[in-house]
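Just so we're aligned, residue 1 is where the sequence shown starts under the UniProt record's numbering, counting upward by one. Here a beta-carbon is modelled for each residue, glycine too, at the ideal position from N, C-alpha and C.
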Amino acid sequence: MNTFKALIADKTDEGTEISIKDVNIEALTEGDVLIDVHYSSVNYKDGMVAAQGGIAEYFPIIPGIDLAGEVIESSDDRFNPGDKVIATSYKVGTGISGGFAETARIPADWLVPLPDGLTLKESMELGTAGLTAGISITKLEQAGITPDNGDILVAGASGGAGSLAISMLADSGYTVVASTGSIDETDYLKSLGAAKVIHRGDVTNQDEKPTGKPLFQAAIDPVGGKTTEYIIKSLQPEGALATFGLVGGIAVSTTVLPFIGRGIHWLGVDSVFYPMELRKKVWDRLAKDLKPKILDKDVVSEVSLDELPQVLHDIIDGKVRGRTIVNLKK
């Protein structure tokens with residue numbers, strides 16, 4: 001078949017338009033590997049493209065920064081028809097055609113072979129959110145974080161990366177404190193493994209003191225802004241912070257005192273252009289010791305391509321918790 005179904009995001013005079021259309025395979029952007037897409041997943045960045053008309057390099061575009069499927073054909077010797085592969089981040093869904101389609105064409109250098117221990121569905125239940133959580137935990141461990149050295153704070157805990165991070169950390173023996181703007185999600189977050197749930201207002205910087213009481217050995221921070229300020233001031237000596245979000249703002253006001261007085265490690269996490277060899281190692285961990293026990297459970301919702309437009313608006317409005325995957329075979 002030369003045509004397939006895809007979600008198209010376009011800009012109009014009124015804002016943005018999302019539609020499901022039949023697309024000719026020749027309309028796909030260039031790449032080495034043609035893929036029969038089985039699953040994709042929904043990320044905040046996808047909402048920014050489709051619901052807000054932002055960050056993409058061109059419009060109209062097929063969004064979807066994640067996808068998993070089987071190779072149809074390849075001009076690169078590393079991949080053969082029938083191979084199962086994952087593509088996340090790089091410019092997928094923002095600079096080239098993405099995963100919200102039955103067929104995709106992706107550069108071979110951006111593809112990860114599906115590791116043993118994961119199904120295609122599980123790989124998208126993880127997706128960029130899981131990869132980001134995995135990179136964060138790996139970096140925290142490299143900074144000396146261990147399960148027996150104190151609590152770990154996970155901010156933005158109800159989101160995809162936060163939910164998966166809680167489960168990964170708890171399964172690895174860490175004591176997790178989860179912060180959220182929705183305290184009515186307490187039971188849900190505790191079901192993922194959080195030992196304690198607090199309101200996000202409790203982890204928002206409220207004063208100009210350079211340091212505060214040392215409460216946490218480490219933190220995973222998908223929020224930014226005042227939350228990052230609070231965390232920096234609240235880490236124990238030689239504590240570590242992994243930062244990858246900005247929904248709370250990009251400006252952070254701090255001093256050097258927490259860093260030179262307590263030896264704080266502030267670790268930036270970029271899953272978009274994370275080096276491929278390191279990326280493969282994290283995916284291997286996600287298939288093994290960091291594989292969350294909660295996959296296929298309450299943390300994951302599944303939708304069809306036809307149901308996807310509403311989800312893209314909902315994720316921008318903060319109405320989506322955990323992970324949402326898109327079944328392209330549904």
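Taking its Cβ as the centre, do 16 or more other Cβ atoms sit within 10 Å of residue 100, making it buried, or is it exposed? Position 100 of the sequence shown, counting from 1, holds the residue named residue 100. The residue is buried, with at least 16 neighbouring Cβ atoms inside 10 Å.
Please name the residue in 244, 97, 127, 211 whose C-alpha comes closest to that of residue 233. Here residue 233 corresponds to residue number 233 of the sequence shown, with the count starting at 1. Taking only the C-alpha atoms, the option nearest residue 233 is 211.
Considering Cα atoms alone, identify which of 199, 222, 226, 261 is closest to residue 237. Looking up residue 237 in the sequence shown gives position 237. Among 199, 222, 226, 261, the Cα nearest to that of residue 237 is on 261.
Do you know offhand how far residue 36's Cα is from residue 222's? Translated into positions along the sequence shown, residue 36 becomes position 36. Translated into positions along the sequence shown, residue 222 becomes position 222. Cα to Cα, the separation comes out at about 32 Å.
Taking 7 Å as the cut-off, decide whether the C-beta atoms of residue 44 and residue 315 are in contact. Translated into the one-based positions of the sequence shown, residue 44 becomes position 44. Translated into the one-based positions of the sequence shown, residue 315 becomes position 315. Yes.
For residue 183, tell me which candidate among 167, 123, 200 has the shortest Cα-Cα distance. Within the sequence shown, numbered from 1, the residue matching residue 183 stands at position 183. Of the candidates 167, 123, 200, the one whose C-alpha sits nearest the C-alpha of residue 183 is 200.
Hey, is the stretch 160-169 in contact with the stretch 136-151, meaning 3+ C-beta pairs nearer than 8 Å? yes
Which whole-angstrom value describes the C-beta separation of residue 154 and residue 129, a residue pair presumed to lie in contact below a C-beta threshold of 8 Å? Locating residue 154 in the sequence shown gives position 154, counting from the first residue. Locating residue 129 in the sequence shown gives position 129, counting from the first residue. Their Cβ separation, rounded to whole angstroms, is 13 Å, which puts residue 154 and residue 129 out of contact at 8 Å.
Considering residue 198, what are the terminal residues of the beta strand (DSSP E) in which it resides? In the sequence shown, residue 198 corresponds to position 198, counting from 1. Where residue 198 is concerned, the enclosing beta strand (DSSP E) starts and stops at 196-199.
Report all residues from its chain with a CB closer than 8 Å to the CB of residue 194; omit the five preceding and five following residues, and keep chain order. Within the sequence shown, numbered from 1, the residue matching residue 194 stands at position 194. Excluding positions up to five away in sequence, the list reads 154, 157, 166, 170, 176, 177, 178.
Just how far apart, CA to CA, sit residue 123 and residue 254? The count along the sequence shown starts at 1 and reaches residue 123 at position 123. The count along the sequence shown starts at 1 and reaches residue 254 at position 254. If you take the alpha carbons of residue 123 and residue 254, they lie about 37 Å apart.
Tell me the residue span of the beta strand (DSSP E) that contains residue 301. The residue you call residue 301 lines up with position 301 of the sequence shown. That run of the beta strand (DSSP E) goes 300-303.
Reducing DSSP to helix, strand and coil, say where residue 260 ends up. By one-based count along the sequence shown, residue 260 stands at place 260. Residue 260: helix per DSSP, three-state reduction.
With a cut-off of 8 Å on the beta carbons, I'd call residue 60 and residue 9 a contact; round off their distance for me. Against the sequence shown, residue 60 aligns to sequence position 60. Against the sequence shown, residue 9 aligns to sequence position 9. That belief holds up - the Cβ atoms of residue 60 and residue 9 are roughly 6 Å apart, short of 8 Å.
Should residue 12 go down as buried or exposed, given a rule of 16 or more other Cβ atoms within 10 Å for buried? As a working note, residue 12 is residue 12 in the sequence shown. When all chains shown are included, residue 12 counts as exposed.
Which of the three DSSP states, helix, strand or coil, is assigned to residue 286? For the purposes of this step, residue 286 is identified with residue 286 of the sequence shown, where counting begins at 1. In this structure, residue 286 counts as helix in the three-state DSSP scheme.
Report back the beta-carbon spacing between residue 98 and residue 69 to the nearest angstrom; my notes put them in contact at under 8 Å. Reading the sequence shown from its first residue, position 98 is the one you call residue 98. Reading the sequence shown from its first residue, position 69 is the one you call residue 69. Incorrect: roughly 12 Å between the Cβ atoms, too far for contact.
Unbroken beta strand (DSSP E) runs of length 3 or more, entirely within the stretch 27-111: which are they? You should have 33-42, 66-74, 84-88, 103-106.
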